Amino acid sequence: MSRFEKESLTNYTVPCWKCKEQVDEHDIIAVTDGRTSWMELCQDCYNFYLC
15 MSRFEKESLT
25 NYTVPCWKCK
35 EQVDEHDIIA
45 VTDGRTSWME
55 LCQDCYNFYL
65 C
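Below, the structure written as structure tokens:
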């Protein structure tokens, strides 16, 4: 099995910046100010704080 196949089978979780819930990295939304500041939000926090 190649490295890419192994990575596609592995689930990585990252914490949401606001609620600190562990979310699958594919479901996280990265938000930036266009310069250097950024945060990773789960879908619920994104909808609540930014929409």
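Letter by letter, the sequence shown follows residues 15 to 65 in the numbering used here.
Don't be surprised by glycine CBs; every beta carbon is placed ideally from N, CA and C.
Computed from a predicted model, the values in this text were never measured in an experiment.
Should residue i go down as buried or exposed, given a rule of 16 or more other Cβ atoms within 10 Å for buried?
| i | result |
| --- | --- |
| residue 30 | buried |
| residue 56 | buried |
| residue 65 | exposed |
| residue 59 | buried |
So, with DSSP's three-state summary, where would you put residue i?
| i | result |
| --- | --- |
| residue 38 | strand |
What span of residues does the alpha helix (DSSP H) with residue i cover, start to end?
| i | result |
| --- | --- |
| residue 58 | 57–64 |
On the DSSP letters alone, give me the boundaries of the beta strand (DSSP E) that residue i sits inside.
| i | result |
| --- | --- |
| residue 27 | 27–29 |
| residue 24 | That residue, residue 24, is in no beta strand (DSSP E); it is neither H nor E in DSSP. |
Since residue i and residue j are thought to touch, with beta carbons under 8 Å apart, how far apart are those beta carbons, to the nearest angstrom?
| i | j | result |
| --- | --- | --- |
| residue 24 | residue 38 | Between residue 38 and residue 24 the Cβ distance is about 11 Å, and since that is not below 8 Å, they are no contact. |
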